Ligand SMILES: Cc1cc2nc3c(=O)[nH]c(=O)nc-3n(C[C@H](O)[C@H](O)[C@H](O)COP(=O)(O)OP(=O)(O)OC[C@H]3O[C@@H](n4cnc5c(N)ncnc54)[C@H](O)[C@@H]3O)c2cc1C
């Protein structure tokens with residue numbers, strides 16, 4: 018883990034958080050497990066027969082229909098943790114438990130624009146590691162800006178002198194973000210940072226859009242999913258986890274997943 022500068026209650030993996038799932042895959046495969054990416058679970062049911070090869074301490078086990086690059090398959094396991102987002106989890110659970118009262122709001126669309134700029138005026142990090150923009154601000158459309166190379170020393174070490182990495186975020190509740198592009202982000206970044214960022218300053222850019230990205234975390238929603246979790250708990254060898262159950266953010270999600278894994282291995 019790499020800590021941000023002193024005072025910040027944040028941390029990430031050196032080199033970027035994308036390294037975490039890669040490390041997880043290596044650990045799973047190293048322990049003899051299998052990881053299938055690009056593969057969607059489409060149906061879930063109790064395994065039919067006690068001797069179908071899925072029997073475990075909790076009973077006959079589970080069968081998951083999946084579809085992926087290698088076509089369709091049925092995966093069988095004595096115990097199963099469902100860790101998809103809420104909507105597919107509810108689809109998979111329908112027919113096994115009453116999911117009726119769980120209301121899943123669509124979530125906000127979020128678009129991040131990462132900009133690599135050459136702008137020595139940013140060496141002094143005029144806004145520290147970043148800022149949040151209050152709703153209704155007229156001068157910019159962005160809702161937040163992270164001066165990523167000021168926030169993460171490992172990223173600063175990967176830049177050349179005078180080069181900076183910025184991440185500009187878009188997507189307030191109900192707002193469409195499909196028209197967001199690097200030109201808009203560069204303009205907003207210049208306004209927010211108070212330094213000129215002409216088009217010639219732009220070295221590289223990447224736009225990443227996520228639809229319905231953040232799970233609902235209202236108390237009412239969490240109470241609904243807690244009740245659903247109890248109903249799922251009555252099914253031997255099956256548990257649900259993920260942000261839609263645990264609340265948004267890695268701290269909540271990881272703690273919940275660890276608790277579920279602990280229960281399952283008892
Ligand atoms: C832009 C953005 C920035 C964020 N920044 C932070 C941050 O700085 N710090 C922080 O703590 N949190 C952050 N979060 C929140 C954090 O990413 C989430 O709370 C967390 O990743 C949720 O984990 P999860 O396992 O529940 O869901 P996900 O990480 O979404 O994993 C669910 C997985 O299920 C897969 N899936 C979906 N449907 C199916 C199906 N039918 N069959 C099989 N697989 C399926 C998906 O492909 C996905 O891989 C951020 C979120 C977003 C969107």
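Numbering (my numbering), first residue to last: 18 to 283. Cβ atoms here follow ideal geometry from the backbone N, Cα and C, with glycine treated the same way. Here the structure is a predicted model, which means the values were calculated and not measured.
One or two residues paired with residue i in a DSSP bridge
i, result
"residue 297", "This structure cannot settle anything about residue 297, because the visible part of the chain is limited to 18 through 283."
"residue 99", "257"
"residue 203", "BP columns for residue 203 are empty, so no partner."
"residue 180", "135"
"residue 58", "83"
"residue 129", "186, 225"
"residue 191", "For residue 191, which the question treats as bridged, DSSP gives no partner whatsoever."
"residue 92", "81"
Inter-residue CB distance, residue i and residue j (contact presumed, cutoff 8 Å)
i, j, result
"residue 188", "residue 160", "7 Å"
"residue 135", "residue 209", "Their Cβ separation, rounded to whole angstroms, is 18 Å, which puts residue 135 and residue 209 out of contact at 8 Å."
"residue 79", "residue 254", "7 Å"
"residue 89", "residue 82", "7 Å"
"residue 234", "residue 211", "Not quite, the Cβ-Cβ distance comes to about 33 Å (not below 8 Å), so this is no contact."
"residue 110", "residue 277", "No, residue 110 and residue 277 are not in contact; Cβ-Cβ is about 15 Å, not under 8 Å."
"residue 55", "residue 86", "5 Å"
Own chain residues within Cβ distance below 6 Å of residue i, not counting five before or after
i, result
"residue 131", "184, 223"
"residue 225", "129"
"residue 274", "258"
"residue 179", "135, 137"
"residue 84", "57, 59"
"residue 176", "166"
"residue 61", "81, 109"
"residue 227", "127"
"residue 42", "52"
Same chain, Cβ closer than 7 Å to residue i, five either side skipped, listed in chain order
i, result
"residue 119", "107, 241, 242, 245"
"residue 207", "213, 214"
"residue 172", "165, 166, 182"
"residue 20", "Residue placement at residue 20 cannot be trusted, given a pLDDT of 49 that sits under 50; what the coordinates show is reported in the next sentence. Cβ within range, chain order: 28."
"residue 67", "Low confidence applies to residue 67: its pLDDT is 49, below 50, so where it sits in the model is not reliable enough to give any reading."
"residue 221", "133"
"residue 37", "30"
Three-state class that DSSP yields for residue i in the structure shown
i, result
"residue 34", "coil"
"residue 67", "In this prediction, residue 67 scores a pLDDT of 49, lower than 50, which makes its location untrustworthy; the coordinate-derived value is nonetheless stated afterwards. Coil."
"residue 228", "coil"
"residue 20", "Since pLDDT at residue 20 reaches only 49, below the 50 mark, its modelled position is unreliable, and the value read off the structure follows with that caveat. Strand, per DSSP."
"residue 113", "coil"
"residue 245", "helix"
"residue 28", "strand"
"residue 209", "helix"
"residue 250", "helix"
"residue 219", "strand"
"residue 50", "coil"
"residue 158", "coil"
"residue 121", "coil"
"residue 152", "coil"
"residue 169", "coil"
"residue 197", "coil"
"residue 142", "coil"
"residue 174", "coil"
"residue 279", "helix"
"residue 104", "helix"
"residue 264", "coil"
"residue 214", "coil"
Cβ-based neighbour list, residue i, same chain, cut-off 8 Å, excluding 5 preceding and 5 following
i, result
"residue 193", "126"
"residue 216", "200, 203"
"residue 266", "260"
"residue 150", "157, 159, 160, 161, 162, 209"
Near ligand 3: residue i beta-carbon under 7 Å from a heavy atom
i, result
"residue 88", "As for ligand 3, it is missing from this structure, which binds only ligand 1."
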